[in-house]
Structures are given as C-alpha cells and as structure tokens.
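Chemist:
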Amino acid sequence: MSHYDDVWLVIPAYNEGQVIAGVVEGARKTFPNVVVVDDGSTDDSAAHIAATGAHLVRHPVNLGQGAALQTGLAYALAQPGARYFATFDADGQHQTPDVEKMVAVLRAGEADVVLGSRFIEQTGQVPWIKRVVLRTAAAVSPTARKLNLTDAHNGLRVLGRNAAEQLRITMNGMAHASEIVGFLAGSGLRVVEVPVDILYTDYSRAKGQSLINGVNIVFDITMRERGRR
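Mapped onto this note's numbering, the consecutive letters of the sequence shown carry residue numbers 256 to 484.
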C-alpha cells in the first residue's frame with residue numbers, strides 16, 4: 256500500500272507516443288494512481304499508455320488540453336478514496352518530487368490548491384523569452400495579481416477534493432490555464448505557490464508553446480479581463 260493511494264495524477268496526452276510510456280512509468284513509481292486522457296491522438300499513444308498500467312480514457316477526437324483535464328479530473332473524482340488531484344504534463348517536464356512536496360502542503364491543511372511556480376526560485380532552466388512571456392501573462396492578468404501569482408500558466412497543480420469538485424474547465428487549447436486562475440481568484444479557496452523544477456528537453460521544447468502563441472495568450476487574457484469590467 257502506497258502513502259499516495261489517495262492521490263491521482265491526471266495527464267492529458269496528444270500524440271506523445273515517443274515519451275508517454277516513460278513519463279507514466281516514472282510517475283507510477285511514486286504515484287500508483289494515474290489516469291491518462293488520450294485526447295484524440297493520431298499516433299500510437301494509446302497503445303503505449305495501455306501498456307503502463309495507468310488508467311486510459313480516450314477522446315475520439317482532439318478536444319484540447321482543457322477538455323482532457325476536465326475529463327481526467329471527472330474520472331479521478333469518481334475513484335474510491337481519491338482526495339488529491341495533480342495535473343501533470345505528458346512530455347516529461349514535470350517532476351514527481353515536486354508533486355510530493357505540493358501534496359504535503361495540502362495534507363498539512365495549509366491550502367486548498369497548490370500551484371507550481373518556475374519563478375519563486377530561479378534555476379536558470381526557463382528559456383529567457385519564455386520567462387518574459389510568462390511573467391507578462393501573470394502581470395497583465397488581474398486574476399493572477401489578485402492571487403499574487405508569479406507563474407499563471409504552470410500546468411503543475413495539485414487540488415484538494417473540494418477544489419477539484421468545484422472546477423469546471425470549459426475553454427479549449429491553452430486558454431484553460433487562464434480559466435483555472437480566474438476560477439481560483441473568485442472561489443474563496445486558499446491558493447499557494449511553491450517552487451518547482453521544469454525539465455526542458457529538446458522534445459518538450461519542440462512540443463511547447465511558440466513565442467507567438469504565448470503572446471496571443473497574453474492578448475486574449477487581457478481582452479477577456481477588460482471585457483469583465
């Protein structure tokens with residue numbers, strides 16, 4: 256029996272056949288409960304996931320990362336004994352020791368939601384241009400400022416059951432990250448950031464958000480926030 260039987264890792268995956276098995280197998284050494292949502296992949300991701308022993312849920316077509324996370328959270332919430340829910344990337348960027356640290360904050364009753372931040376402690380890992388875009392995204396978003404966030408678009412999050420049951424992700428693509436921050440800002444839930452290490456490999460860099468897409472995300476957030484006023 257694992258110390259983490261009450262924790263579920265939710266991993267959205269789209270065409271990650273090259274790396275997904277290694278990511279899941281590595282994660283399951285610490286966290287036995289993993290659900291991977293294959294979001295309409297056109298490669299052999301599903302076969303690799305099925306071979307790992309993780310729970311596999313499949314979208315017949317690609318619906319976007321936001322939808323995949325919502326599907327995975329709904330699946331995990333339905334599992335007996337599930338208390339903590341971590342959103343975890345499929346490309347190998349996230350590290351399980353960070354999830355352990357984040358779960359410990361929740362277990363101690365210090366927060367309802369723990370968000371990972373690449374910027375609380377600088378490790379030099381984050382490419383400078385990405386750092387500029389991500390810091391700008393946090394700075395221009397009133398909801399991110401309300402929560403005093405340093406990193407509004409980090410995909411590594413751990414939610415307690417109460418928070419996970421309230422969350423409803425409706426936006427597709429990468430805009431779901433802003434939607435989650437907006438939900439948290441208005442929820443009254445206790446949110447804290449902890450420093451995390453992101454492992455940028457050649458593979459994850461190639462799969463990651465382009466600079467222009469990052470600028471578009473910042474613009475979309477700004478326009479949407481202004482529209483709420």
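Quick reminder that beta carbons are idealized off the backbone N, C-alpha and C, glycines included.
1. Below 8 Å, can you find three or more Cβ-Cβ pairs linking the region 415-424 to the region 434-447?
2. Bridge partners for residue 448 per DSSP, in chain order?
3. For residue 318, tell me which candidate among 375, 437, 329, 292 has the shortest Cα-Cα distance.
4. With distance defined between alpha-carbon atoms, name the residue in 290, 448, 432, 436 nearest to residue 373.
5. Taking Cβ positions, are residue 297 and residue 276 nearer each other than 7 Å?
6. To the nearest angstrom, how far is the alpha carbon of residue 261 from that of residue 316?
7. Is residue 363 buried or exposed, if buried means 16 or more other CB atoms sit within 10 Å of its CB?
8. How would you write the range of the alpha helix (DSSP H) that residue 303 sits in, first residue to last?
9. Any idea what DSSP makes of residue 295, helix, strand or coil?
10. Considering just the uninterrupted stretch of the alpha helix (DSSP H) at residue 341, what are its terminal residues?
Modeler: Straight from the coordinates:
1. yes
2. Position 193 of the sequence shown holds residue 448. Assignment of beta-bridge partners to residue 448 by DSSP yields 370.
3. For this step, residue 318 is matched to residue 63 along the sequence shown. Comparing Cα positions, the closest option is 292.
4. Within the sequence shown, residue 373 is the residue found at index 118, counting from 1. Answer by Cα proximity: 448.
5. Within the sequence shown, the letter at position 42 stands for residue 297. Within the sequence shown, the letter at position 21 stands for residue 276. Not in contact: residue 297 and residue 276 (Cβ atoms no closer than 7 Å).
6. Taking the first residue of the sequence shown as 1, we reach residue 261 at position 6. Taking the first residue of the sequence shown as 1, we reach residue 316 at position 61. Each residue's alpha carbon lies about 30 Å from the other.
7. Counting from one through the sequence shown, the residue named residue 363 turns up at place 108. Residue 363 comes out exposed.
8. Here residue 303 is taken as the residue at index 48 of the sequence shown, counted from 1. 300-305 is the span of the alpha helix (DSSP H), which, as asked, contains residue 303.
9. By 1-based counting over the sequence shown, the position of residue 295 is 40. In this structure, residue 295 counts as coil in the three-state DSSP scheme.
10. The residue given as residue 341 occupies position 86 in the sequence shown. Residue 341 -> not in any alpha helix (DSSP H); beta strand (DSSP E) instead, spanning 339-342.
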